[in-house]
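The working numbering runs 4 ahead of the 1-based position in the sequence shown.
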Amino acid sequence: MKLFHSLIAAALLVSQPTLAHDHSELPEFKQQQLSDNLYMLTGKGGNLALSTGADGLLLIDDDYFDMSDKTRAAVKAISAEPVKFLINTHWHFDHTGGNKMLGETGTIIVAHDNVRQRLLTGGTIEAFNAKISPAAKPALPVVTFADSVSFHWNDETIDVTHPSNSAHTDGDAVVFFKNDNVLHTGDLYFNNIYPFIDASSGGSMLGVIEAVTLLLSDIDDETRVIPGHGALSNKAELVQYRDMLQSVYARVLKLKTSGKTVEQVIAAKPSASFDAQWGGGFLKPDVWVGIIYSAI
C-alpha cells in the first residue's frame with residue numbers, strides 16, 4: 005500500500021484547503037449568465053449557481069472558506085440583495101466553506117440530512133487523510149431533507165433531489181431549474197477531469213454511474229449542465245463522462261475481484277485509454293485508479 009499512499013499524499017498537496025490569511029493570490033470569480041435570472045460562478049472550488057429575481061437570491065454552494073470575501077463580492081456584483089437561501093450539494097469544504105459567512109448574515113442553509121450531520125460532527129476524508137473540524141453553528145444547514153425538496157422561487161420551479169444510492173458522498177443533491185432547463189450536478193460530474201469519489205463519506209463508483217445515468221434520462225439535448233467542477237456542459241458531454249466511468253469501473257472491478265492488490269491494479273493502467281482527455285485534473289490517473297479501487 006506504500007505506493008498508493010504516496011500517490012494520495014501528492015494529490016493532497018494540491019487539494020487541501022488554503023489556511024493562510026494572505027488572500028492576494030486567490031482567483032477572482034468568473035461570471036456566466038445563463039438566463040435573465042440565473043448565473044454560473046466559477047472560483048477556486050466547486051461551481052456556484054445564483055438565482056436572482058423579485059423573491060430574492062438563492063445560491064448553490066459557496067466555495068472554500070478563504071474565498072468567502074470573494075464569494076460575497078461576486079454575488080454583490082450581480083445583486084445587492086442578501087442571499088435568502090443557500091443549497092449545499094454535499095458537505096465537502098470546497099462547496100461549503102462560505103456557509104459560516106452566509107449563515108451569520110441570516111441566509112437559510114438547505115442540504116441533505118447527511119450534510120448537516122457531517123458538518124456538525126466533522127470527520128476525515130480518508131483518501132487525503134484530511135481531518136475536517138466540526139462546523140460552527142452558523143455554517144450548519146437549518147433545513148434538511150431526505151429525498152427531495154422543491155423551491156417555487158423567482159418564477160422558477162427548482163427541484164433538489166438526493167440520488168437513491170450514495171454516489172460522490174452519502175449526502176449529494178442535484179438541482180434542476182425547470183423553466184431555464186439548467187441542471188447543477190454538484191460533484192456527481194467533473195467536466196473533462198477524473199472525479200473524486202469519497203468512499204469514507206459513503207460514496208461509491210457504482211453509485212455515481214447510476215446517479216448520472218438517471219440524470220441523463222431526466223434531461224434533453226438543450227439542457228445546460230453546471231458540473232461540480234469544470235466548464236459549463238451539456239447532455240452529450242455528460243454521456244461521454246458516464247461512458248468513461250462505466251468502462252474504467254468495469255476494468256478495475258474485474259482486476260480487484262480477481263484478487264489484485266491496489267498497487268497491481270494501478271500498475272495495470274486500466275484508465276490508460278482515457279487519460280489523455282480526463283487525466284489532466286488534480287487527480288492524476290494512478291491516484292484516481294486507487295480511489296476507484298477503494299470505492300468499489
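Using N, Cα and C, we set each Cβ at its ideal position, and we do this for glycine too. Only a predicted model underlies this, so the values are computations on that prediction, with no experimental measurement involved.
request  = Determine the direct distance from the alpha carbon of V178 to that of G126, and round the result to whole angstroms.
outcome  = One Cα belongs to G126, the other to V178, and the distance between them is close to 23 angstroms.
message = For H25 and D73, I'd like the C-alpha separation in whole angstroms.
response = Because H25 carries a pLDDT of 37, less than 50, the predicted location of this residue cannot be relied on, and the following value inherits that uncertainty. If I take the Cα positions, the gap works out to 12 angstroms.
query = Nearest-angstrom Cα distance between T161 and L38?
reply = The straight-line gap separating the alpha-carbon atoms of T161 and L38 is approximately 16 angstroms.
ask   = For the putative contact between P274 and G211, defined by C-beta atoms under 8 angstroms, what is the C-beta separation to the nearest angstrom?
value = Under the criterion of beta carbons closer than 8 angstroms, P274 and G211 do not qualify as touching, at roughly 19 angstroms.
Contacting residues, own chain, Cβ-Cβ under 7 angstroms from W282 (five flanking each side not counted) = When the five nearest sequence neighbours on each side are left out, the beta carbons in the same chain lying within less than 7 angstroms of the beta carbon of W282 are those of N196, I197, Y198, M248, in order along the chain.
task = Could you tell me which uninterrupted beta strand (DSSP E) segments, each at least 3 residues in length, are contained entirely in the stretch 18-105, listed from first to last along the chain?
result = Runs found: 34-37, 42-46, 52-55, 61-64, 87-91.
key: Segment limits, beta strand (DSSP E) that includes I108   = What sits at residue 108 in the sequence shown is Glu, not Ile. Where E108 is concerned, there is no enclosing beta strand (DSSP E), given that its DSSP letter is neither H nor E.
query = Roughly how many angstroms lie between the CA atoms of I300 and D159, to the nearest whole one?
reply = The straight-line gap from Cα to Cα measures roughly 42 angstroms.
query = Can you tell me the Cα-Cα spacing of A272 and A203, whole angstroms?
reply = When rounded, the distance between both Cα atoms is 22 angstroms.
Euclidean distance between Cα positions of V293 and V79 = For V293 and V79, the distance between alpha carbons rounds to 37 angstroms.
Under the three-state DSSP convention, the category I180 falls into = In the sequence as presented, Ile is not what sits at residue 180; that position holds Phe. Here F180 sits in strand by DSSP.
request  = Output the residue ranges of the beta strand (DSSP E) runs that lie fully inside the stretch 219-283 and measure 3 residues or longer, sorted by chain position.
outcome  = Runs of the beta strand (DSSP E) inside the stretch 219-283: 228-230.
request  = Please name the residue or residues paired with V119 in a DSSP beta bridge.
outcome  = For V119, DSSP assigns no beta-bridge partner whatsoever.
key: Cβ pair V164, R228 closer than 8 angstroms   = No, the pair does not count as a contact, with Cβ atoms beyond the cut-off.
ask   = When the Cα of G60 is compared with those of N51, P86, P142, L42, which residue comes out closest?
value = Ranking the options by Cα distance to G60, first place goes to P86.
task = Taking the CB atoms as reference points, tell me whether T111 and F89 lie closer together than 8 angstroms.
result = Yes, Cβ-Cβ distance for T111 and F89 is below 8 angstroms.
task = Below 6 angstroms CB to CB, which residues in the same chain sit around N183 once its five sequence neighbours on both sides are set aside?
result = Within the same chain, E160 come within 6 angstroms of N183 by CB-CB distance, once the 5 residues on both sides are set aside.
task = Grab me the residues of S83's own chain with a C-beta within less than 7 angstroms of its C-beta, minus the 5 sequence neighbours each way, in chain order.
result = T56, L61.
ask   = Can you tell me the Cα-Cα spacing of I295 and I129, whole angstroms?
value = If I take the Cα positions, the gap works out to 12 angstroms.
key: P145, buried or exposed, once every other Cβ within 10 Å from all chains shown has been counted against 16   = P145 should be labelled buried.
message = Cutting at 7 angstroms between CB atoms, please list the residues of its own chain near V256, excluding the five before and the five after it.
response = Cβ within range, chain order: V269, P274, V293, I296, Y297, I300.
Opposing strand residues paired with T161 [DSSP bridges] = Per DSSP, H156.
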